[in-house]
Each structure stands twice: as structure tokens, then as C-alpha cells.
Amino acid sequence: MSVLTKGCKEKIVQSKETLLAPLVSLFDMPHPVVWNAVFKRTAPLDVEIGFGMGEFLARQASLYPERDFVGIEQLWERIYKTFKKIAETADSQNALDNIKILQADARVVFERLFLPGSIDNIYCLYPCPWPKKAHIKHRIFCQDFFKLLNNRLKDGGRITVVTDFYPYFSWMLEEVQNTGFDVQTQRVAASYDTKFERKWLSGGQQEFFEAQFVKIKNISYGLKEDVALKTYKLKEFDPKAFRFVDFKEDIAVIFKDFLFDAEQRRAMVYLIVSEGHLTQHFWVAITEQKGYWTVAKSEGQNFFPTPGIAKAIELVFEAAQNNRS
Ligand SMILES: C[S@@+](CC[C@H](N)C(=O)[O-])C[C@H]1O[C@@H](n2cnc3c(N)ncnc32)[C@H](O)[C@@H]1O
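Once you know that position 5 of the sequence shown is 164 in the working numbering, the rest is easy, because the numbers rise by one and skip nothing.
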């Protein structure tokens with residue numbers, strides 16, 4: 160909605176719906192995502208990882224209306240501030256409908272949502288440095304992640320990473336070896352004007368470390384695809400005897416809770432399923448219908464249908480079968 164305020168300066172007043180418009184649900188669209196269909200046009204595609212307060216994302220989208228931008232961030236508080244930043248940056252000519260936002264772990268998003276050879280540029284400004292030796296394993300730009308990004312980039316596509324923390328910078332230059340990139344590095348002054356850059360700048364840091372990774376050779380890295388989920392049937396089920404033993408292999412399925420509604424004739428099993436970078440909270444329903452029991456995913460929850468989720472349903476079926484009295 161556009162209104163004239165005092166002084167006749169045109170101001171965009173955003174309804175909550177408009178404010179949240181860039182948000183894309185990970186689960187309501189087919190995987191992998193065809194971004195041209197989401198943006199309803201064919202345009203170059205740039206992605207920012209960990210956009211924080213969204214300053215750079217909003218600026219880029221405003222400067223380059225002919226390009227499309229996907230921002231990935233884990234923290235909702237920052238995402239919400241980014242919506243406001245997008246609304247402030249938009250003007251009556253340019254609604255910034257070239258931005259889509261995903262709340263997720265970037266590793267999972269690149270594994271599942273982006274097709275090979277589909278991205279032009281990837282940006283990551285001031286990634287979490289994980290300075291302690293014991294935490295280095297959490298750094299995102301490890302060799303495996305470089306391989307994944309390589310595969311999802313177009314030929315000649317580019318990753319730009321800037322960090323305030325030299326040990327992370329030199330570690331990244333080791334990790335990128337043999338992942339199909341040509342590397343260009345430079346020391347730069349503060350030039351992105353993001354919250355974290357301003358923080359380091361106000362702390363006295365004048366110099367930052369920027370790397371450009373240009374894809375020169377394709378590395379194969381399979382897409383993680385959704386799997387079909389089964390519904391199991393049981394002739395008998397005794398909720399009082401239900402016991403679930405945690406499963407811990409490549410996939411971990413950990414039991415958290417069991418509820419039974421005697422009137423509804425339905426049991427609900429709450430599990431945590433971990434595989435690779437992905438941890439999902441998941442409910443399996445055991446429901447009596449027409450004289451038999453079904454074991455299946457519970458409706459009304461968001462999750463990626465992965466091999467771990469399929470395993471969780473199978474394990475609940477086995478537990479329900481074995482614990483019959
Ligand atoms: C140090 S902050 C930098 C934020 C912003 N780029 C800036 O310069 O102000 C790192 C950001 O990356 C996000 N982040 C960390 N790991 C992530 C991941 N695996 N996927 C998506 N975002 C991530 C964090 O939530 C945080 O907002």
C-alpha cells in the first residue's frame with residue numbers, strides 16, 4: 160500500500176503479509192526447486208549464505224533488479240529484521256520481488272534445493288569463524304562444502320567470501336584445494352557495510368580478507384532427493400507395551416515421547432532423526448482404522464522426506480509389532 164505522509168514524501172506502508180512475502184517455505188514446493196518458476200521469470204541467480212540483517216542482500220537486489228536473489232539464514236530474529244530492511248530498501252518503482260528467503264542450514268539447502276549448474280554467484284560475508292580448535296569442524300567452508308557449491312554453480316560461477324579472521328581465511332585456502340576452483344585473494348578495507356563488518360570496524364579492525372573462488376572444473380555432487388514414505392499395517396497393537404529402542408548408525412533415530420489417546424484410538428511417537436547435517440523432529444502416528452492399525456507419518460508437520468524419516472517410520476512399525484502383548 161502506498162500513502163502520502165506529511166511533507167508529501169511517498170512512503171510504502173507494508174502489511175504483515177507484504178513484509179513476509181519474500182519468505183519461501185522449504186516444504187511447500189517440489190525439491191529440487193526450479194527457481195525460475197518461483198521468481199516467475201528467467202534471470203541470473205545469486206545466493207547469499209548467512210545474510211544476518213540483510214543489508215547486502217537488500218542492496219544487491221535493489222542495485223540489480225535484472226537478477227534474482229535467494230538468501231539463506233538460520234536465525235529468525237535476523238530474518239525478521241531483514242524483511243524490514245527489504246521493505247525500507249524497496250521503493251514505489253522497485254518492490255524487490257527479486258528476493259526470496261529461506262530459513263535453514265545452508266548445507267541442507269544446497270544439498271536438496273538447488274539443481275547442479277544453476278547458480279551464478281554465491282556470497283558469504285563474515286561466516287562464523289569458530290576460532291577454538293575443537294570447533295573448527297563447525298566451519299562451513301570445509302572441503303566438502305566447496306565441492307557441493309562447485310556442483311551447484313554454473314561454469315565460471317563465483318563464490319565471494321570475506322572474513323575478519325585471518326586463521327579462517329588461510330584454513331579455507333587449504334580446504335578449497337582440489338574442489339574445482341581458481342582462487343583470487345585480496346586484503347580489503349571495510350566495503351560491505353553489514354552489521355558484523357561495522358562491529359569489527361568499530362573495534363578497530365581496518366583490514367579484512369576476501370577470497371573469490373571461480374569455478375573452473377565441475378565436481379560431481381549428487382542431489383539429495385526426497386524418498387517415498389510407506390504406510391505400514393498392523394493387525395494388533397498394544398499401546399501399554401510400546402517400547403522404542405534408539406537407533407544409532409549413519410542415521411540416528413532417538414525416541415523422545417509417546418502419547419496415546421484411547422478415545423481417538425491413536426498413538427503418537429515423537430522422534431529426533433539425524434542424518435548428515437540434517438536433524439528433524441518428527442511424529443509418527445499409529446492409528447486404528449477399520450479393524451487394523453496403520454503406522455505412518457503424522458499429518459500437519461514440516462519435514463524433508465529423507466531415508467532417516469523412512470527409517471524412523473519403519474522402526475516405529477517394528478517396535479509396535481514386537482511389543483504386542
Ligand atoms: C557472523 S554472522 C554474519 C552476518 C552477516 N553476513 C553480516 O556480515 O553481518 C554469520 C551469520 O551466518 C548465519 N549462519 C551460520 N551458519 C549458517 C548456516 N549453516 N546456514 C545459514 N546461515 C548460517 C548465522 O546465523 C549468522 O547470522
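Where a beta carbon is used, it is the ideal one built from N, C-alpha and C, also for glycine.
Under DSSP, no beta-bridge partner is assigned to D314. DSSP, reduced to helix, strand and coil, places D205 within a strand of the structure shown.
Counting along the chain, no alpha helix (DSSP H) covers G230; the unbroken beta strand (DSSP E) around it starts and ends at D227 to E232. Judged by DSSP secondary structure, F417 falls within the beta strand (DSSP E) whose first and last residues are I410 to D420. Remark: the shortest separation between the CB of D264 and any heavy atom of ligand 1 falls under 8 angstroms. Bounds of the alpha helix (DSSP H) holding F355 are K354 to S361. The DSSP-derived three-state label of D264 is coil. Here the alpha carbon of F441 sits roughly 11 angstroms from the alpha carbon of S433.
The closest heavy atom of ligand 1 lies 8 angstroms or more from the beta carbon of I260. The three-state reading of DSSP puts T241 in helix, counting H, G and I together. Of R357, Q302, N310 and V320, the smallest CA-CA separation from E333 is found for Q302.
For G467, the closest alpha carbon among the candidates D416, T446, S457 and E408 is that of E408. Non-local C-beta neighbours of V428 in its own chain, meaning closer than 6 angstroms and more than five positions away in sequence, comprise F417, V443 and V475, ordered along the chain. Taking C-beta separations shorter than 8 angstroms and ignoring five residues to either side along the sequence, the partners of P286 in its chain run I208, G209, R298, I299, F300, V320, T322 and Y327, following chain order. Taking 8 angstroms as the upper bound for CB-CB distance, E366 and A348 are in contact here, some 7 angstroms apart. In this structure, the alpha-carbon of L222 lies about 18 angstroms from that of R200. In terms of side-chain proximity, the C-beta atom of T319 is found no nearer than 8 angstroms to any non-hydrogen atom of ligand 1. Three or more beta-carbon pairs separated by less than 8 angstroms are not found between the region 188–204 and the region 232–249, which leaves the two stretches without contact.
Going by C-alpha positions, L185 is about 12 angstroms away from V197.
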